[in-house]
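>
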Amino acid sequence: MLHLILFLFFGVICAAGAINLLAQSHPINSALSLIVVMASLAGEYLLLGAEFVAAVQVIVYAGAIMVLFVFVIMLLNAGTEEHTRGSRVAILLGVPGVLIGAVLVAWTLLYRSDISSVKIGSMYGGPYLIAQLLFRHFLLPFEITSVLILVAIMGAVVLASRPDAVAKRHHAEAPKAMPELVGTGKEH
Amino acid sequence: MVPLSFYLVLSGILFVCGVLGFLIKRNIITIFMSIELMLNGVNLSFVAFAAQWHSLSGQIFVFFVMVVAAAEAAVGLAIIIAVYRTRETLNVDQVNLLKL
Amino acid sequence: MSIPAFLIVSIIKSAVVIGLLLLAVAYSVWLERKVAGHIQNRWGPTRVGPFGLLQPIADGAKNFFKEDLIQPHVYKPLFIAAPVIALTLAITSISVVPFGNSLYIPETHIGHWLTIPEIDTPLQITDLNIGLLIILGITSMGVYGIALAGWASNNKYSLLGGLRAGAQMISYEVSLGLSLIPVLIKSESFSLRAIVESQRHLHWNVFYVPLGTVAFFTYLISAYAETNRTPFDLPEAESELVAGYHTEYSSMKFAMFFMAEYANMVTVACLATLLFFGGWMGPVFGPRILQMVLPIIWFCLKVFFFMFLYVWVRWTLPRFRYDQLMAFSWKFLLPVAVANIVVTSLIEALRS
Chain E
1 MLHLILFLFF GVICAAGAIN LLAQSHPINS ALSLIVVMAS LAGEYLLLGA
51 EFVAAVQVIV YAGAIMVLFV FVIMLLNAGT EEHTRGSRVA ILLGVPGVLI
101 GAVLVAWTLL YRSDISSVKI GSMYGGPYLI AQLLFRHFLL PFEITSVLIL
151 VAIMGAVVLA SRPDAVAKRH HAEAPKAMPE LVGTGKEH
Chain L
1001 MVPLSFYLVL SGILFVCGVL GFLIKRNIIT IFMSIELMLN GVNLSFVAFA
1051 AQWHSLSGQI FVFFVMVVAA AEAAVGLAII IAVYRTRETL NVDQVNLLKL
Chain H
2001 MSIPAFLIVS IIKSAVVIGL LLLAVAYSVW LERKVAGHIQ NRWGPTRVGP
2051 FGLLQPIADG AKNFFKEDLI QPHVYKPLFI AAPVIALTLA ITSISVVPFG
2101 NSLYIPETHI GHWLTIPEID TPLQITDLNI GLLIILGITS MGVYGIALAG
2151 WASNNKYSLL GGLRAGAQMI SYEVSLGLSL IPVLIKSESF SLRAIVESQR
2201 HLHWNVFYVP LGTVAFFTYL ISAYAETNRT PFDLPEAESE LVAGYHTEYS
2251 SMKFAMFFMA EYANMVTVAC LATLLFFGGW MGPVFGPRIL QMVLPIIWFC
2301 LKVFFFMFLY VWVRWTLPRF RYDQLMAFSW KFLLPVAVAN IVVTSLIEAL
2351 RS
């Protein structure tokens, strides 16, 4: 009973946040709704006993990735979005289509499958057990994802750096090689 | 005792909202956030099945999904910043120089 | 313990702990002004009550009665929500901090009609398996209060101040988390009570050279930057971007930001004592009631020392420029923390 009440509490907040993300026109409101979705998902993970995953969800997803999104929205000063002809067509065709698909999938899951139920408080997923699995069986994927993050950091730094900062570095190295070309660069 | 299908339906709702957002939104950052919503829905069904079959591999996979989502968000937002610098707009419909 | 007794005891514990935390926040303002005064060779507040002890009450009353301006150009929902987010998150992290051993009240009868059952609770609101991760998560979410305040003020200086403060906080969060890993390697648990229990008999984590001391100093520096205190307080300095992210705020909302900052300081001080200085461990003697109260006194003394250290550092050091601040985090603290983790794991692996 308590499990059902808590599940519905977090689940309703989750679904409301997801629908609010679609309904809002300013991206900052959508970002805040997504943060609410992620926090309530952390609550759902706790109900399923995955305490470490819930903590990591709050720290990594809601506390770092969404901060990145919020920073970019604030820096780029994204305004409210208008409805163009393409988006109206997409709403007209997309919403009913996807909703029909969703209802079909939900009906199949609820009435046609016999899966067991989950108990509250089983707390299967403490740091000790996860560490044993992560650093023994899944060691290779772990190391590969660390290389992936390194590549992503380098890519993000290169992509987001200003083009004239790169040109300034080349410009600073040029005068020693070809002094006569320095004048032509400064005229522009 | 909540049947597992409830968790799967919630995961489905999140995924569907993510797909809808990807299709109908015109701001590139909101489209990106819909992708993150889809990934979160998938994470929920991973954890639900990990709880049902008592196998922690589901939760380990959630870690990897989060790591990949973080890397993707970093690089994707850097690309968005680069596109904004040249095209001065965040509207997906207006980045159409290569269109016929 | 039965469920109603558990509920009532938990509610009483939460109320007492949060009340004491708010009192500590108010009196840390007093501590700061007195110590700042004495460092600068003047008296601090002396007029309101003996030694100025009633000054925080006067300040609170003043803030309560000030006019609460909400400018027309701000984005109202976030403007009102941002200080609430900051203060709520700052107060929540005290819920996993243990203050002492357990509290034992034997069964007492009052008159013929009231019986208080036997109560044996740990002196902590809740003892989670992942207590340290919860505090790290709350610290991560604390960035939103500041960034959203800067955005909602609809003011260039506030936005820049908020973004700078946010970028500083997320940079130092990395070295904060990494500097705590050697402590976890040594105590093999995320639960704060287990970490303190592993520091019995003066085996405090700070005395373990090299891993404990280096971890302590990296933690302290990262925590000073995380709570936006001097020498890292460029985003809220008065001589810089006007007043940073809280330029447009007045009276109660500004007081909420202020309280959130001091509550974060108290949390950092509590964590530093729990993880490095042995928490409530100290000489314990005497009858049962004294054995329950003495650990709390030791804990409060150590936390008071860390709050004093905060204020001492603030009024001694000049502040960093922003690029020096970020370079210090990414080019110095992060490699030091990672090297500390490598050395710690090598030593622990060779020892066992």
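If you read the sequences in order, they're chains E, L and H.
Number 139 in our numbering belongs to position 139 of the first sequence; there are no gaps in the numbering.
Here our numbering = 1-based position in the second sequence + 1000.
Here our numbering = 1-based position in the third sequence + 2000.
Using N, Cα and C, we set each Cβ at its ideal position, and we do this for glycine too.
Are the beta-carbon atoms of G43/E and G125/E separated by less than 8 Å?
Locating residue 43/E in the first sequence gives position 43, where the first residue counts as 1. Locating residue 125/E in the first sequence gives position 125, where the first residue counts as 1. Result no, Cβ atoms of G43/E and G125/E do not sit closer than 8 Å.
> For a quick check, are the C-beta atoms of N2166/H and G2244/H less than 8 Å apart?
Position 166 of the third sequence, counted from the first residue, corresponds to residue 2166/H. Position 244 of the third sequence, counted from the first residue, corresponds to residue 2244/H. Looking at the sequence shown, residue 2166/H is not Asn but Gly. Cβ atoms of G2166/H and G2244/H: not closer than 8 Å.
> Kindly indicate the opening and closing residues of the alpha helix (DSSP H) around D2059/H.
Here residue 2059/H is taken as the residue at index 59 of the third sequence, counted from 1. Here the alpha helix (DSSP H) through D2059/H covers 2055 to 2065.
> Suppose you measure from the CA of V56/E to the CA of Q2324/H; what does that come to, to the nearest Å?
Position 56 of the first sequence holds residue 56/E. Position 324 of the third sequence holds residue 2324/H. Their Cα atoms are separated by approximately 30 Å.
> In chain order, which beta strand (DSSP E) runs of at least 3 residues are fully inside the region 2091 to 2153 of chain H?
Those beta strand (DSSP E) runs which fall completely within the region 2091 to 2153 of chain H and span 3+ residues are 2102 to 2105, 2108 to 2110, 2114 to 2116, 2119 to 2122.
> Please name the residue in C1017/L, A1078/L, T1086/L whose C-alpha comes closest to that of M1038/L.
Here residue 1038/L refers to the residue found at position 38 of the second sequence. M1038/L has its Cα closest to that of C1017/L, out of C1017/L, A1078/L, T1086/L.
> Using a Cβ-Cβ cut-off of 7 Å (strictly less than) and excluding sequence neighbours within five positions of V2311/H, which residues of its own chain qualify?
For the purposes of this step, residue 2311/H is identified with residue 311 of the third sequence, where counting begins at 1. Cβ within range, chain order: L2031, E2032, V2035, A2036.
> Please state whether the Cβ-Cβ distance between S2222/H and Y2172/H is less than 8 Å.
Here residue 2222/H refers to the residue found at position 222 when the third sequence is read from its first residue. Here residue 2172/H refers to the residue found at position 172 when the third sequence is read from its first residue. Yes. Within cutoff.
> With 8 Å as the threshold, decide whether the Cβ of M74/E is near any Cβ in chain L.
Numbered from its first residue, the first sequence carries residue 74/E at position 74. Not one chain L Cβ lies under 8 Å of M74/E.
> Output the boundary residues of the alpha helix (DSSP H) element that contains G2162/H.
Reading the third sequence from its first residue, position 162 is the one you call residue 2162/H. Run containing G2162/H: 2156 to 2187, per the alpha helix (DSSP H) assignment.
> Taking Cβ-Cβ distances shorter than 8 Å, what residues in chain L pair up with L148/E?
If you number the first sequence from 1, residue 148/E lands on position 148. Going along chain L in sequence order, the residues near L148/E (Cβ under 8 Å) are V1067, V1068, A1071.
> How would you list, in chain order, the residues of chain E whose beta-carbon sits under 8 Å from the beta-carbon of V2143/H?
Within the third sequence, numbered from 1, the residue matching residue 2143/H stands at position 143. Within 8 Å Cβ-Cβ: G63, V67.
> Could you please tell me which residues of the region 39 to 52 of chain E, in chain order, have their CB closer than 7 Å to any CB of chain H?
Under the 7 Å Cβ criterion, the region 39 to 52 of chain E contributes E51, F52.
> Run down chain E in chain order and give the residues with a C-beta less than 9 Å from the C-beta of A2147/H.
Stepping through the third sequence from its first residue, residue 2147/H is reached at position 147. Per Cβ cutoff of 9 Å: V67, V70, F71, M74.
> For N975/L, name the three-state secondary structure that DSSP assigns.
Residue 975/L falls outside the range modelled here, since chain L spans only 1001 to 1100, and no answer is possible.
> Once the 5 residues before and after A2269/H are set aside, which same chain residues still bring their CB inside 6 Å of it?
Here residue 2269/H refers to the residue found at position 269 of the third sequence. Excluding residues within five positions, the ones whose Cβ falls inside 6 Å are V2303, F2306, M2307.
> Does the Cβ of L2333/H have 16 or more other Cβ atoms within 10 Å, making it buried, or fewer, making it exposed?
Here residue 2333/H refers to the residue found at position 333 when the third sequence is read from its first residue. With 16 or more other Cβ atoms within 10 Å, it is buried.
> In three-state DSSP terms, what is P141/E?
Your numbering for residue 141/E matches position 141 in the first sequence. Residue state, collapsed to three classes: helix.
> State the CB to CB distance for the pair F2296/H and W2315/H, rounded to an integer number of angstroms; the pair is presumed to be in contact (CB under 8 Å).
Numbered from its first residue, the third sequence carries residue 2296/H at position 296. Numbered from its first residue, the third sequence carries residue 2315/H at position 315. The question names Phe, but residue 2296/H in the sequence shown is Ile. Contact doesn't hold; Cβ gap of about 29 Å is too wide.
> With 16 other CB atoms within 10 Å as the buried threshold, where does A2015/H fall?
In the third sequence, the residue the question calls residue 2015/H occupies position 15. Exposed.
> When the Cα atoms are used, what is the spatial distance from S33/E to I1029/L?
Here the question's residue 33/E lines up with position 33 in the first sequence. Here the question's residue 1029/L lines up with position 29 in the second sequence. Each residue's Cα considered, the two are about 14 Å apart.
> Around the C-beta of L2317/H, are 16 or more other C-beta atoms found within 10 angstroms, so that it is buried, or is it exposed?
Translated into positions along the third sequence, residue 2317/H becomes position 317. That one is exposed.
> Skipping 5 residues on each side, what residues in its chain have a beta carbon closer than 7 Å to that of P2235/H?
By one-based count along the third sequence, residue 2235/H stands at place 235. The answer, listed in chain order, is G2161, R2164, A2165, Q2168, N2228, G2244, Y2245.
> Less than 8 Å separating the beta-carbons of Y2104/H and M2292/H?
On the third sequence, position 104 is the one that residue 2104/H refers to. On the third sequence, position 292 is the one that residue 2292/H refers to. Yes, Cβ-Cβ distance for Y2104/H and M2292/H is below 8 Å.
> List the residues of chain E whose Cβ lies closer than 7 Å to the Cβ of M1038/L, in chain order.
As a working note, residue 1038/L is residue 38 in the second sequence. Within chain E, no residue comes near M1038/L; the closest Cβ sits about 10 Å away, beyond 7 Å.
> So, does the region 2110 to 2128 of chain H touch the region 2057 to 2074 of chain H, judging by three or more C-beta pairs under 8 Å?
With a cut-off of 8 Å, the region 2057 to 2074 of chain H and the region 2110 to 2128 of chain H do not count as touching, because too few Cβ pairs lie within range.
> Give the C-beta separation of L2021/H and A2263/H to the nearest angstrom, bearing in mind that I take them to be a contact with Cβ-Cβ under 8 Å.
Stepping through the third sequence from its first residue, residue 2021/H is reached at position 21. Stepping through the third sequence from its first residue, residue 2263/H is reached at position 263. Contact holds; Cβ gap of about 7 Å.
> Run the CB neighbour count on M1001/L, radius 10 Å, all protein chains shown included, and call it buried at 16 or more, exposed below.
As a working mapping, residue 1001/L is identified with position 1 in the second sequence. Exposed, because fewer than 16 other Cβ atoms sit within 10 Å of the Cβ of M1001/L.
> Using 8 Å as the limit for Cβ to Cβ distance, is V37/E near chain L?
Stepping through the first sequence from its first residue, residue 37/E is reached at position 37. Yes, V37/E counts as interfacial toward chain L.
> Please list, in chain order, all residues of the same chain as R1087/L whose beta carbon is under 6 Å from its beta carbon, the five residues on each side excluded.
Taking the second sequence and counting its residues from 1, one reaches residue 1087/L at position 87. The answer, listed in chain order, is V1095.
> Looking at chain L, which residues of the region 89 to 111 of chain E have a Cβ within less than 8 Å of any of its Cβ atoms?
Under the 8 Å Cβ criterion, the region 89 to 111 of chain E contributes A90, I91, G94, V95, V98, L99, G101, A102, V105, A106, L109, L110.
> With a floor of 3 residues, list each beta strand (DSSP E) that falls wholly inside the region 2286 to 2344 of chain H, ordered by position along the chain.
None, since the region 2286 to 2344 of chain H contains no complete beta strand (DSSP E) of that length.
> Taking 8 Å as the CB-CB limit, is Y124/E close to chain L?
One-based indexing of the first sequence puts residue 124/E at position 124. By this cut-off, Y124/E is an interface position.
> Could you check the C-alpha separation between V70/E and V36/E for me, to the nearest Å?
On the first sequence, position 70 is the one that residue 70/E refers to. On the first sequence, position 36 is the one that residue 36/E refers to. Going from the Cα of V70/E to the Cα of V36/E covers about 13 Å.
> Taking T2267/H as the reference, give the member of V2313/H, S2093/H, F2065/H, F2207/H with the closest Cα.
Taking the first residue of the third sequence as position 1, residue 2267/H is located at position 267. Nearest option by C-alpha distance: S2093/H.
> For a test of the three-state rule: what should DSSP assign to N1027/L, helix, strand or coil?
For the purposes of this step, residue 1027/L is taken as residue 27 along the second sequence, with counting starting at 1. The answer is strand: DSSP assigns N1027/L an E or B state.
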